[in-house]
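Structure first, commentary second.
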């Protein structure tokens with residue numbers, strides 16, 4: 003076994019602390035800027051919402067123009083609609099009342115559309 007005959011248990015406490023640090027390393031200090039990973043996630047999600055809505059609008063407009071031979075009318079209209087939909091999605095995501103409200107959707111969801 004162990005040849006530790008220290009009656010104060012100081013050696014045991016040091017070894018126990020070292021084992022705990024190996025299992026769960028110390029957390030890094032808080033960032034001075036106050037930003038968290040959730041802020042970064044919110045920024046990435048809002049950018050993705052905006053770009054994806056615009057891409058869907060452009061794809062639908064291009065597809066309708068290609069199918070109906072009406073270039074570029076549907077592309078222009080659906081690009082604008084996709085941009086508006088993207089901005090609306092980002093607004094719903096970051097508006098202050100959506101951040102701090104309790105869920106009141108019909109299915110106990112987030113309350114967002």
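In the numbering used here, the protein residues as written are 3 to 115.
Beta carbons: idealized from backbone N, C-alpha and C, even for Gly.
Model, not experiment: these values are computed from the prediction.
Query - Cβ pair residue 77, residue 64 closer than 8 Å - result: The Cβ-Cβ distance between residue 77 and residue 64 falls below 8 Å.
Query raised in the report: When the distance is taken between beta carbons, is residue 88 closer than 8 Å to residue 51?
Result: Pairing residue 51 with residue 88 gives a Cβ-Cβ distance under 8 Å.
Query - Beta-carbon proximity of residue 47 to residue 90, cut-off 8 Å - result: No; because the gap between Cβ atoms is not below 8 Å, this pair is not in contact.
Query raised in the report: How should residue 18 be labelled, buried or exposed, when 16 other C-beta atoms within 10 angstroms of its C-beta is the threshold for buried?
Result: Flag for residue 18 reads exposed.
**Report entry** Limits of the alpha helix (DSSP H) - the one that residue 85 falls within
**Finding:** 75-96 is the extent of the alpha helix (DSSP H) around residue 85.
Query raised in the report: Do you know offhand how far residue 67's Cα is from residue 53's?
Result: The C-alpha of residue 53 is placed about 21 Å away from the C-alpha of residue 67.
Requested in this report: Can you grab the Cα-Cα spacing for the pair residue 97 / residue 59, in whole Å?
Outcome: Taking the straight line from one Cα to the other gives about 23 Å.
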